[in-house]
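Visitor:
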Amino acid sequence: MAYVKVKRRELTFAERMYLPAILKGLSHTFKHFVGAGGRAGVTMQYPEEKWELPNFYRGVPALVKDEDGREKCVACSLCEFVCPPRAISIIPQEIEGVVEKAPEVFDIDMLRCIFCGYCEEVCPEEAIFMSKEYEICGTSREELVYGKSKLYEIGLTLGDDGGVTDATKKWERLAREQSEQGVDTHQGADTE
Amino acid sequence: MHTLLAATAADSEGFFAWLNALFVEQTWPRALLIVIVVGLTVPGLVSALVWAERRGSALIQDRLGPNRCGPFGMFQSFADLAKFLFKEDVIPGHVNKPIYLLAPAIAVIPPLVALAFVPFGANVFIADVDTGILAAFAVTSLHVYAISLGGWASNSKFPLLGGVRASAQMISYEIALGLSALGVFIIVGDLRLISVVEMQTDGWMIGAGETLRSAGDWTRLFDWNIFKQPLGALIFMIAGFAETNRHPFDMPEAESELAAGFHAEYSSMKFALFFLGEYAAMVVFSSLFVVLYLGGWTLFGLENVLSDWVTSYGAENAGWINWASVAEGFLHVGIFFSKTLVLLLFFIWVRWTLPRFRYDQLMRLGWVRLLPLSLAWLVVTVIGVAIVRGL
């Protein structure tokens, strides 16, 4: 293979002394030290300051209640079946009222959850949503299995600003989006 | 010589008279007092330095650094110390246990002992040794044993490499260090460190018994040895960086090459002792630099003005303690440590600016550049002194 001999530039005396370069470097770091280096002050003070999370963020799955304060979950166990890491475990119970079933126990093992959001997608009752909660910590494994009360508590953090986080209007939103995109929303209804 | 207790105390009876007699007739009580003060000050200074290093490096890199623990994160070092104390003390099974345990102790003791030879003020010193600088160098050079023994006793690859590098590096740079400092002592004609400081108030010799002071008081600004020995000071500084294993010469640690180098197998308090030793060595080197080149406790003659002021104030408020003497001592120590602190911050500044030297570059710089240069400078100094003193 052909090769090219690169002629290296002779270093000047000042360059070989190395000291002028050191002084230049010191002045550069001093500029940064006094905050004139360009990117000073970009650090976010985490527990006090937090990121603005986008609406599509998938945090801890949370349960919600309807506008009358009833549990929306009917313990159909679809989320339990679809959950890839099997983080969800549900024990149903019979109740009196509009629906016949509700979960007696609804546990999500947060050590197993992979935040895939399948539970939210599969839920026919719009009862489970991915919240923006991401600070998951505990001092024992048991503490990190989130029970029903904890999941409803997190559900309260879901706003109703009309986006994905609108905890009670999932189908309406889907229908709206589909009509916006020109999808025939009555196709499914015809086959009923 | 100033005494710690007032003259009136000598006339009184009982405890104070006994105390005064003790301090006047014996030298060890005062030395003991200063030993205790220095022994408590240096670890405190080291923890402050660690904080300054972490905050300073963070600011240089546009970060914030530790800012949670106390005001501006100042108590971070103490939190770290508590952590070090309560951590499990792991001794790996493959080490040579006696030497492994000895190395951290050797890392701390020589720098602390070397401070005994440093005069912090005209009357604030632990030992006034006639061979001052030689004793200090002799003790600080023991520091290499800590690193090479620690690396050897760890009985694993990277620490061993770190230890080998350290021994070669520190021994090579010690020669340049000693030779560059020699110029100062040729000018002074005395190895006592107190004489070195006192000489730096004399002004430039321009002939036998004549100084440049006749040209005016402004010449006091140039009394310090750094103006008489600029190249010597530069070589001493560079060699000092290598001696204390600081960037850009931190070969024994060389994180990117040797993991943690010589202290890779050390954890908890034993690691903290190595850490303390490194920073204490920095304090020692900075103090020596201040004594040799930056005029010790002097400040262009201002220290005399200030000293007169504080001693007159102290004389008015005399009690059984000689406040004049104490105030002067604090003044001198204050000036001395301000200069030392500036140098220590310079150490930190350099560390976060320069990349590490390659090992062969380090050796070439030491043996091929600095050693001949310091010898040449020595010859220049000798000729200069001979001319000034009229042979």
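Chains as they are written, first to last, in the working numbering: chain A, 1 to 192; chain B, 193 to 583. Just so you know, even glycine gets a beta-carbon here, dropped at the ideal spot from N, CA and C.
#1: If we count the other Cβ atoms within 10 Å of its Cβ and call it buried at 16 or more, is Ile-128 (chain A) buried or exposed?
#2: Please classify Asn-417 (chain B) as buried or exposed, where buried requires at least 16 neighbouring CB atoms within 10 angstroms.
#3: Just to confirm my understanding: we take Asp-281 (chain B), look at its own chain, exclude 5 residues before and 5 after, and list those with CB closer than 6 angstroms. What are they?
#4: Looking at chain A, which residues of the region 531 to 548 of chain B have a Cβ within less than 8 angstroms of any of its Cβ atoms?
#5: How long is the line joining the alpha carbons of Ala-175 (chain A) and Ala-451 (chain B), rounded to whole angstroms?
#6: So if DSSP puts Pro-92 (chain A) in a beta bridge, which residue, or which two residues, is it bridged to?
#7: Please report whether the beta-carbon of Asp-552 (chain B) lies at a distance below 7 angstroms from any beta-carbon of chain A.
#8: Examine the Cβ distances between the region 439 to 447 of chain B and the region 266 to 286 of chain B and report whether three or more of them are shorter than 8 angstroms.
#9: Based on DSSP bridge pairs, tell me the residues matched to Lys-24 (chain A).
#10: Any beta carbon of chain B sitting closer than 7 angstroms to that of Gly-43 (chain A)?
#11: If contact is defined by three or more beta carbon pairs under 8 angstroms, each pair taking one atom from either stretch, is the region 326 to 339 of chain B in contact with the region 291 to 304 of chain B?
#12: Should Ile-252 (chain B) be flagged as near chain A, meaning a C-beta pair shorter than 7 angstroms?
#13: How about Thr-332 (chain B) and Pro-311 (chain B): are their beta carbons less than 7 angstroms apart?
#14: Measuring CB atoms only, is the region 312 to 325 of chain B touching the region 340 to 358 of chain B, in the sense that at least three cross pairs come out at less than 8 angstroms?
#15: Determine whether the Cβ of Leu-11 (chain A) lies closer than 7 angstroms to any Cβ atom of chain B.
#16: Going by C-alpha to C-alpha distance, which of B:Glu-449, B:Leu-413 and B:Tyr-458 sits closest to Leu-294 (chain B)?
#17: Just the C-alpha distance for Met-17 (chain A) and Leu-546 (chain B), rounded to the nearest angstrom, thanks.
#18: Tell me whether Gly-182 (chain A) is buried or exposed, calling it buried when 16 or more other Cβ atoms sit within 10 Å of its Cβ.
#19: Hey, out of A:Cys-116, A:Val-105 and A:Gly-155, whose CA is closest to Val-145 (chain A)'s CA?
#20: Could you check what DSSP says for Leu-225 (chain B) in three-state terms: helix, strand or coil?
#21: On the DSSP bridge assignment, give the partners of Lys-72 (chain A) in chain order.
#22: Can you check whether the C-beta of Phe-115 (chain A) is within less than 7 angstroms of a C-beta belonging to chain B?
#23: Could you have a look at Lys-132 (chain A) and say whether DSSP puts it in helix, strand or coil?
#24: Would you report the Cα separation of Phe-264 (chain B) and Pro-258 (chain B), rounded to the nearest angstrom?
#25: Hey, which unbroken runs of the alpha helix (DSSP H) at 4 residues or more fall wholly within the region 383 to 439 of chain B?
#26: Below 8 angstroms, can you find three or more Cβ-Cβ pairs linking the region 149 to 157 of chain A to the region 61 to 80 of chain A?
#27: Assuming the contact rule is C-beta atoms closer than 8 angstroms, Ala-314 (chain B) and His-455 (chain B) should be a hit. Round their C-beta distance to whole Å, please.
#28: For the beta strand (DSSP E) that contains Leu-465 (chain B), what are its first and last residues?
#29: Among A:Val-74, A:Glu-49, A:Pro-124 and A:Gly-117, which has the Cα closest to the Cα of Glu-94 (chain A)?
#30: When you compare the CB positions of Val-122 (chain A) and Leu-78 (chain A), do they come within less than 7 angstroms of one another, or not?
#31: What is the DSSP secondary structure of Leu-63 (chain A), reduced to helix, strand or coil?
#32: Under the assumption that Ala-244 (chain B) contacts Leu-537 (chain B) (Cβ atoms under 8 angstroms), give the Cβ distance between them as a whole number of angstroms.
#33: Around the C-beta of Glu-180 (chain A), are 16 or more other C-beta atoms found within 10 angstroms, so that it is buried, or is it exposed?
#34: Based on the DSSP output, what are the partners of Tyr-551 (chain B) in its beta bridges?
#35: Between the region 362 to 375 of chain B and the region 564 to 576 of chain B, do at least 3 Cβ pairs fall closer than 8 angstroms?
#36: Can you tell which of A:Lys-132, A:His-28 and A:Cys-137 has the C-alpha that lies nearest to the C-alpha of Asp-109 (chain A)?
Guide: Let me lay it out:
#1: It counts as buried.
#2: By the 10 Å Cβ count, Asn-417 (chain B) comes out buried.
#3: Excluding positions up to five away in sequence, the list reads Ser-460.
#4: Hits within the stretch, in order: Trp-541, Val-542, Trp-544, Thr-545 and Leu-546.
#5: If I take the Cα positions, the gap works out to 59 angstroms.
#6: According to DSSP, which records beta bridges pairwise, Pro-92 (chain A) is partnered with A:Pro-103.
#7: Judged by the 7 angstroms Cβ criterion, Asp-552 (chain B) is not in contact with chain A.
#8: The region 439 to 447 of chain B and the region 266 to 286 of chain B do not touch, with fewer than 3 CB-CB distances between them shorter than 8 angstroms.
#9: Answer is none; Lys-24 (chain A) lacks a bridge partner.
#10: Just to set this straight, residue 43 (chain A) is Thr in the shown sequence, not Gly. Closer than 7 angstroms: yes.
#11: Yes, they touch.
#12: Closer than 7 angstroms: yes.
#13: Thr-332 (chain B) places its beta carbon 7 angstroms or farther from that of Pro-311 (chain B).
#14: With the cut-off at 8 angstroms, the region 312 to 325 of chain B and the region 340 to 358 of chain B do not touch.
#15: No, Leu-11 (chain A) lies away from the interface with chain B (no Cβ there is under 7 angstroms from its Cβ).
#16: Nearest C-alpha to Leu-294 (chain B): B:Tyr-458.
#17: For Met-17 (chain A) and Leu-546 (chain B), the distance between alpha carbons rounds to 15 angstroms.
#18: Exposed is the label assigned to Gly-182 (chain A), since fewer than 16 other Cβ atoms lie within 10 Å of its Cβ.
#19: Among A:Cys-116, A:Val-105 and A:Gly-155, the Cα nearest to that of Val-145 (chain A) is on A:Val-105.
#20: In this structure, Leu-225 (chain B) counts as helix in the three-state DSSP scheme.
#21: According to the DSSP secondary-structure assignment, Lys-72 (chain A) is paired through a beta bridge with no residue.
#22: At a cut-off of 7 angstroms between beta carbons, Phe-115 (chain A) makes no contact with chain B.
#23: Looking at Lys-132 (chain A) - three-state DSSP - the assignment turns out to be coil, as it is neither helix nor strand.
#24: C-alpha of Phe-264 (chain B) to C-alpha of Pro-258 (chain B): approximately 8 angstroms in a straight line.
#25: For the region 383 to 439 of chain B, whole alpha helix (DSSP H) runs of length 4 or above, ordered along the chain, are 385 to 391, 417 to 420 and 422 to 435.
#26: Using a C-beta cut-off of 8 angstroms, the region 149 to 157 of chain A makes contact with the region 61 to 80 of chain A, since at least three inter-stretch Cβ pairs fall below that distance.
#27: Incorrect: roughly 39 angstroms between the Cβ atoms, too far for contact.
#28: That residue, Leu-465 (chain B), is in no beta strand (DSSP E); its alpha helix (DSSP H) goes 460 to 485.
#29: Ranking A:Val-74, A:Glu-49, A:Pro-124 and A:Gly-117 by Cα distance to Glu-94 (chain A) puts A:Val-74 first.
#30: Taking the C-beta atoms as reference points, Leu-78 (chain A) is found nearer than 7 angstroms to Val-122 (chain A).
#31: If DSSP states are grouped into helix, strand and coil, Leu-63 (chain A) belongs with the strands.
#32: That pair is a contact at about 7 angstroms.
#33: A residue is called buried once 16 or more other Cβ atoms fall within 10 Å of its Cβ, and Glu-180 (chain A), having fewer, is exposed.
#34: None; Tyr-551 (chain B) has no bridge partner.
#35: A contact between stretches requires three or more CB pairs, one per stretch, nearer than 8 angstroms, and the region 362 to 375 of chain B meets this requirement with the region 564 to 576 of chain B.
#36: The option with the nearest alpha carbon to Asp-109 (chain A) is A:Cys-137.
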